[in-house]
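A.B. asks: Here the protein sequences line up with chains A and B, keeping their order. Residues in the first sequence are numbered from 933 upward in steps of one, following the numbering used here. Residues in the second sequence are numbered from 65 upward in steps of one, following the numbering used here. We treat Cβ as the ideally placed atom computed from N, Cα and C, and that holds for glycine. Values in this document were obtained by computation on a predicted structure and should not be read as measured data. Once you've had a glance at the structure underneath, I'll fire off some questions.
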Amino acid sequence: MKKITVQLFTCLVSLLMIQYSFAQDDAGKLTIPSTPAFSILNYEPASVMKPTSNKDLASDVLSSFDKDGKLLMNLGLEVSPYWLQSRPYLQRNDYLNPKMGQTFLQSLSISGATVKDSASGKNKFGIGLRFKILNGRPVDSLKDAEDALKAEETIISAIGGARSMVGRTITTRQQAIDFIAQTMKAMDCKQAIIDAFYTDAGNIMTKYSDSEEGIKMFLEKLISNRVDINQESLKKVVELSYQRKGLIIEFAGASAFVEDQRNDLDRMGFWINASNYVSPKDLFTLTGRYMFQNKDTAFTNVDVGLSYLKENTSYNISCEGMLRWYRANIPDINQSGQAIQRVEKKFTYRLALQGSYNLSPSISVNISLGKDFDSPFVSGSGFFSILGLNYSIFNKERVQLK
Amino acid sequence: MSVIYIDLDVSYKPLTENEDIKIKVIIGDGQSGGYMVFLGQQFIAANKTANIGNKAVVAGNISTIVVTIMDKLTQTNWTSVTLEVKEGNKKTVFGPFQKQVPQHLDTAVYTIKMIH
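This is the structure we're talking about:
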């Protein structure tokens, strides 16, 4: 009995381990890769350059070559052209509610990567892009969070106002405190907030003198304290500004090339995603993609799929269905021993149900169940070809819908 | 989180005798912030267009515009402020004044003294 139990346990663990790899395979996911160039190479570079200015970009490009002018391997580059320079006329409302052209500009991201294939020793290059044409609209809770933060930023401006008057009309710390309190009163701040300011300022002022330099340092300390206190509110605004509701349409494309190969193109892919947050916690996604792989076997597939994701604080549930039409040109030998190309065309599908339960903010238990695509290279992938149970430590942050 | 201060001086002489001078603050780079406008030590307005009065009121005085921007965008650390001064149908633009904060979530405090 004990022997049977051990065998059953071993079988179950083996099954879970095998199927875990299916569940982890990006090929089955109904998402657009965040960095298409890395995804098409199936490689996450150890070092990813993310320039935020034209100067940084020039410097990163130059440092990607060795002294002989050859491109270095195992590098990644991700750049958003629009954000390489300041956009002084892009106001908050236009940023949060962009029209189609502005959405494209704000979201366009170009990625590139180089890798040395450890098996073949050949150098591979990947290049990709990703952009949106629609980005939904902000969630309702953003406005309240922004208003609350703006009130704090305004109080900091009042302290900044006192700082600018030091040496002219403000010559003591007490005058500075009174000026700020009067300004807060004039802008209709609640008395409790003004009282709290008096208490904080009174505690801090003893550490500084009434010299011009001392008063400025005192006021800058008041500002930095206020900035620190509001970090959580700021993070909340940032988080909410990337949560969107409504329709989001996103495209991506990527190609991979191999050096020293007659036909340089190794892989190519295009993705289109239309997702709709019907509520902040309910997301429907319709995906289409085309993938081409030019290895010993040339493999082309077109996929169309639909998924639903229910997000909650403690758990997430998703279900997805995907249809695939594929064509594989497989090198083979016929009965007379001649080399031929065997063509396999087939329709297949994938159905999956996934769930995760958060034990803590950084640990979750995940389960997946379903049927994966049939493959021309693997026979017999019936139901429960996706079955996995695993846990995640230090979960990656939720993908931000920029 | 660090705070950087950008202190600037500009000069604006009234162009008319009677028209009110109105200062509008534009925060760019997709950021938001809170701002205040003072004339001398007097608080004029917060987070809206400030009417600082006509030539007789502002002559020889200093307007101070203080803008606080906490960086909210993961795509950029740029912050920028532009001032539009309107006097009747005449418009004068100061800026854009731009500064990149060192790190995401850092704060920029712009203090612009407008000498009249």
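Would you list, in chain order, the members of the stretch 1143-1174 of chain A that have their beta-carbon closer than 8 Å to a beta-carbon of chain B?
C.D. replies: Cβ contacts with chain B come from E1152, I1155, S1156, V1159, D1160, N1162, Q1163, L1166, K1167, V1169, V1170, S1173, Y1174.
A.B. asks: Enumerate, from N- to C-terminal direction, the unbroken alpha helix (DSSP H) stretches of 4 or more residues contained entirely within the stretch 1158-1185 of chain A.
C.D. replies: Correct list: 1163-1173.
A.B. asks: Would you identify the three-state DSSP class for A:S1294, choosing helix, strand or coil?
C.D. replies: A:S1294: coil per DSSP, three-state reduction.
A.B. asks: Please classify B:L137: does DSSP put it in a helix, a strand, or coil?
C.D. replies: Coil at B:L137, not helix or strand.
A.B. asks: For a contact meaning CB atoms closer than 9 Å, what does B:Y99 contact in chain A?
C.D. replies: The contacting residues are E1085, T1086, S1089.
A.B. asks: For A:S1173, which residues from the same chain have a beta carbon less than 7 Å from its beta carbon, with the 5 sequence-adjacent residues on both sides left out?
C.D. replies: Cβ within range, chain order: L1028, P1070, L1074.
A.B. asks: Quick one, which of B:Q95, B:V67, B:F107 has its alpha-carbon nearest A:R1019's?
C.D. replies: Checking every option, the nearest Cα to that of A:R1019 belongs to B:Q95.
A.B. asks: Taking CB distances under 7 Å as the criterion, tell me whether A:G1092 reaches chain B.
C.D. replies: Yes, contact with chain B.
A.B. asks: To be precise: take each residue of the stretch 82-94 of chain B, compare its Cβ to all Cβ atoms of chain A, and keep it if any distance is under 9 Å. Which residues remain?
C.D. replies: Correct list: I90, I91, G92, D93, G94.
A.B. asks: Write down the C-beta distance between A:L1040 and A:S995 rounded to the nearest angstrom, noting that I regard them as a contact closer than 8 Å.
C.D. replies: Contact doesn't hold; Cβ gap of about 23 Å is too wide.
A.B. asks: Is A:Y1021 close to chain B, meaning its C-beta is less than 7 Å from at least one C-beta of that chain?
C.D. replies: So yes, A:Y1021 belongs to the interface.
A.B. asks: Nearest to A:Q1038 by CA position, among A:K1213, A:V1275, A:L1016, is which residue?
C.D. replies: The shortest Cα separation from A:Q1038 among A:K1213, A:V1275, A:L1016 belongs to A:L1016.
A.B. asks: Would you please state the rounded distance, in angstroms, between the beta carbons of B:V149 and B:G97? I believe it to be under 8 Å.
C.D. replies: The pair is not a contact, with the Cβ atoms about 19 Å apart (cut-off 8 Å).
A.B. asks: For the stretch 979-993 of chain A, which residues have a CB atom closer than 7 Å to at least one CB atom of chain B, in sequence order?
C.D. replies: Cβ contacts with chain B come from T984.
A.B. asks: Indicate whether A:S1043 and A:P968 have their beta-carbon atoms separated by less than 7 Å.
C.D. replies: It is a contact, given that the beta carbons lie within the stated cut-off.
A.B. asks: Cβ of A:Y1130 less than 7 Å from any chain B Cβ?
C.D. replies: With 7 Å as the cut-off, A:Y1130 does not count as an interface residue toward chain B.
A.B. asks: Starting from the Cα of B:V157, find the closest Cα among B:M134, B:V67, B:I85 and give me that residue.
C.D. replies: Answer by Cα proximity: B:I85.
A.B. asks: Would A:R1024 count as contacting chain B if we go by Cβ distances under 7 Å?
C.D. replies: Chain B contact via Cβ: present.
A.B. asks: Please look up how many angstroms separate the CB atoms of B:I91 and B:I129, rounded, as I've assumed it's under 8 Å.
C.D. replies: In fact, because the Cβ distance is near 12 Å, the residues do not count as touching under 8 Å.
A.B. asks: Give every residue of the same chain whose Cβ lies closer than 8 Å to the Cβ of A:M1149, excluding the five residues on either side of it in the sequence, and list them in chain order.
C.D. replies: Closer than 8 Å at Cβ, skipping near neighbours: Y1140.
A.B. asks: Is there a C-beta anywhere in chain A that falls below 7 Å from the one on B:F107?
C.D. replies: For B:F107, the answer is yes, since a Cβ of chain A falls inside 7 Å of its Cβ.
A.B. asks: A:S953 to A:D1072, Cα distance in whole Å?
C.D. replies: At A:S953, the pLDDT of 37 sits below 50, so the modelled position is not reliable; the number obtained from the coordinates is stated separately. A:S953 and A:D1072: Cα-Cα distance of roughly 39 Å.
A.B. asks: If I measure Cβ to Cβ from A:N1157 and keep anything under 8 Å in the same chain, skipping five residues before and after, which residues do I get?
C.D. replies: Excluding residues within five positions, the ones whose Cβ falls inside 8 Å are D1132, I1136.
A.B. asks: Name the chain B residues whose beta carbon is nearer than 9 Å to that of A:S1246?
C.D. replies: The premise fails here: A:S1246 is roughly 26 Å from chain B at the closest Cβ pair, so nothing lies under 9 Å.
A.B. asks: For B:L72 and chain A, any beta-carbon pair shorter than 7 Å?
C.D. replies: Judged by the 7 Å Cβ criterion, B:L72 is not in contact with chain A.
A.B. asks: Taking the alpha-carbon positions, what's the A:K1242 to A:K1177 distance?
C.D. replies: Distance between the alpha carbons of A:K1242 and A:K1177 is about 14 Å.
A.B. asks: Closer than 7 Å by C-beta to A:P1030: which residues in its own chain qualify, once you throw out the five before and the five after it? Chain order, please.
C.D. replies: Excluding residues within five positions, the ones whose Cβ falls inside 7 Å are Q1038, N1067.
A.B. asks: For a quick check, are the C-beta atoms of A:I1126 and A:M1116 less than 7 Å apart?
C.D. replies: Yes. Within cutoff.
A.B. asks: When DSSP builds the beta bridges, which residues end up paired with A:A1364?
C.D. replies: Since the first and last residues shown for chain A are 933 and 1334, residue 1364 of chain A lies out of range.
A.B. asks: Mind pulling the chain A residues with CB within less than 8 Å of B:K136?
C.D. replies: Those are L1166, V1169, V1170, S1173, listed as they occur along chain A.
A.B. asks: Does any C-beta atom of chain A lie closer than 7 Å to the C-beta of B:M102?
C.D. replies: Here residue 102 of chain B turns out to be Phe, not Met, going by the sequence shown. Closer than 7 Å: yes.
A.B. asks: CB A:I1059 to CB A:G1201, shorter than 7 Å?
C.D. replies: Cβ distance not < 7 Å, so A:I1059 and A:G1201 don't count as in contact.
A.B. asks: Please state whether DSSP places A:E1144 in a helix, a strand or coil.
C.D. replies: In this structure, A:E1144 counts as helix in the three-state DSSP scheme.
A.B. asks: Take B:F161 as the anchor and find which of B:L137, B:E83, B:D93 has the nearest alpha-carbon.
C.D. replies: Of the candidates B:L137, B:E83, B:D93, the one whose C-alpha sits nearest the C-alpha of B:F161 is B:D93.
A.B. asks: Starting from the N-terminal side, write out each stretch of the beta strand (DSSP E) that is 3 residues or longer and does not extend beyond the stretch 990-1065 of chain A.
C.D. replies: Entirely contained in the stretch 990-1065 of chain A, the beta strand (DSSP E) runs reaching 3 residues are, in chain order, 1007-1011, 1041-1048.
A.B. asks: Helix or strand or just coil, what does DSSP make of A:Q1267?
C.D. replies: Looking at A:Q1267 - three-state DSSP - the assignment turns out to be coil, as it is neither helix nor strand.
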